[in-house]
Structure formats: structure tokens, C-alpha cells
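Colleague: When you number the sequence shown by our numbering, it's gap-free, plus one each residue, and the end is 1300.
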Amino acid sequence: MSDEFVLDTPVVRAFVDDVRAAIGRAGSAEEACDLIRPRFAELLADDAWLPEAYREPAPESGMGGGIGQWLLFRAADGSLSLFALVVPPGAATPVHDHLAWGLVGLYRGTQDEEIYVESDGGVRLAEQRALTPGDFYALLPPRDDIHRVRTTSSETSVSIHLLTNDTGCVWRHTYDPASGETSPFRSGYANAACESDEPARDRSETG
Ligand SMILES: [Fe+2]
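(1) Based on the DSSP secondary-structure assignment, which residues constitute the bridge partners of residue 1112?
(2) What are the boundary residues of the alpha helix (DSSP H) that includes residue 1122?
(3) Should residue 1225 be labelled buried (16 or more other beta-carbon atoms within 10 Å of its own) or exposed?
(4) Looking only at its chain, what residues have a beta carbon closer than 7 Å to the beta carbon of residue 1133, apart from the 5 residues adjacent to it on each side?
(5) When we look at the beta-carbon of residue 1238 and count the other beta-carbons within 10 Å, is it buried (16 or more) or exposed?
(6) Are residue 1175 and residue 1166 close, meaning C-beta to C-beta below 9 Å?
(7) Once the 5 residues before and after residue 1281 are set aside, which same chain residues still bring their CB inside 8 Å of it?
(8) Near ligand 1, which residues have their beta-carbon less than 6 Å from any of its heavy atoms, given in chain order?
(9) Could you say which of 1131, 1209 and 1099 lies nearest to residue 1144 if we only look at CA atoms?
(10) What residues in its chain sit with their C-beta under 8 Å from that of residue 1234, if we drop five residues either side in the sequence?
(11) Is residue 1294 buried or exposed, if buried means 16 or more other CB atoms sit within 10 Å of its CB?
(12) Can you list, in chain order, the residues of its chain whose CB lies under 6 Å from that of residue 1242, leaving out five sequence neighbours each side?
(13) Expressed to the nearest angstrom, what Euclidean distance is found between the alpha-carbon atoms of residue 1168 and residue 1102?
(14) Would residue 1274 be called buried (16 or more neighbouring beta carbons within 10 Å of its own) or exposed?
(15) CA-CA distance, residue 1130 and residue 1245?
(16) When you compare the CB positions of residue 1249 and residue 1182, do they come within less than 9 Å of one another, or not?
(17) Please state if the CB of residue 1125 and the CB of residue 1115 are separated by a distance shorter than 9 Å.
(18) Hey, residue 1164 and residue 1283: beta-carbon distance below 9 Å or not?
(19) If you run the structure through DSSP and keep just helix, strand and coil, what is residue 1279?
(20) Reducing DSSP to helix, strand and coil, say where residue 1209 ends up.
(21) Measuring alpha carbon to alpha carbon, tell me which of 1216, 1184, 1097 and 1215 ends up nearest residue 1202.
Here it is in C-alpha cells:
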């Protein structure tokens, strides 16, 4: 495996280079996030770098609701990924975790984000915030790792995710806030495969 630039452009390559340099310099995930913030803000402010194809919903979606998770870049060793998450109007992700630190920012449309914390064997809503384009936040597990996003605009929302794992291919979790139930969850990508493993095969065989 080598680095995979699905969207192979100078902008994406320069961004990934800068992110890797920042991670190399940083003494902690929090510090790395702080170092990356200015470059991430630039990416969110740049109208031109993300092709239309990656701003489209995906009917067959691991997230459900037509939510498109479009891989743009992932590292050969699974230590970094960049993807666009496209959420149609009114659609929401399940409550989910990421199991890696990173930055998430809104590029198009508006979203409500609900942040959950683990509590009494389940999860409870801790915070809710409204996001507009250019807004972004750090995910820093275990403290800030569980959330749900919902599009509140009449246009599809597009958020940009930079995370320090191969998020679409990692087995993580969804949470049912009402019942407290946790389920294994692998979202996949709309445009890239995951190396198959046992849970994936089980899941596809059982539909
Ligand atoms: Fe998320």
C-alpha cells in the first residue's frame, strides 16, 4: 500500500504535507490541532479545490440517509485521512464515534452538531451547536469523540474531515441515545474500498 491521493491536486498534496509537518512538530494531539488550524481554515475558505463530484450525496451509503462519505486522501499506514461528508437537507448521521483525533469543518450549507458523552452505560447529549461554513472543531478522544450532525440548510451540507485514522474503514460505533445500545459500525467510503476483514464479510453476507 502507498499513500492514496484520490483527489490528486497540488492543493491537497500541499495540505497533507503541511499537516504531516505539523504532526511531526507537535508534542500532543491538541497541539497538532492548533498547528493545523490555520491551514484547515484556508481549505474551508477556498471555493475552488473540491470538485462537484465530492459535493454530491451517495444513495448507497454506509451512513444511511444518502450521506456521501468521499475519500480524498488516505495515508498508506492508515494514520491519516481526508474526506468530504455530504449530508442531504434534513438528513442526519447516526450518533457515532471516530476513535481518532482530528479536525472537522463545515464547507457548504449549515448543520447542527450534537455532542454526546458516555454516561451510565449509554450516552447523553452534552452540547448542541449550529455550524455555518468556515466553522470547525477538533475531535479529541476520549473527551470529544461522539457526535451526530444534521443538515439544517435547504442545500446539501458538505463538511471536511481530517482524521488520524482511515475513518471510513475502521470499525467504530454507533450509539442509540434512547436505549443506550452501542453497535459496531463501519461507514465505508462512497468511492474507495476497505480491505475486507471478518466483520465486513459477516455484515455483507447478512445484508
Ligand atoms: Fe463524525
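From the three backbone atoms N, C-alpha and C, an ideal C-beta is built for every residue, glycine too.
Modeller: Looking at the atomic coordinates:
(1) According to DSSP, residue 1112 bridges with nothing at all.
(2) 1122-1138
(3) exposed
(4) 1196, 1198, 1229 and 1255
(5) buried
(6) yes
(7) 1155, 1162, 1261, 1262 and 1287
(8) 1189, 1191 and 1240
(9) 1099
(10) 1190, 1191, 1192, 1193 and 1194
(11) Residue confidence is low: residue 1294 scores 41 on pLDDT, short of 50, so the model does not pin down where it sits. Its coordinate-derived value is still stated next. Exposed, since its Cβ has fewer than 16 Cβ neighbours within 10 Å.
(12) 1186, 1204 and 1206
(13) 15 Å
(14) exposed
(15) 25 Å
(16) yes
(17) yes
(18) yes
(19) coil
(20) strand
(21) 1184
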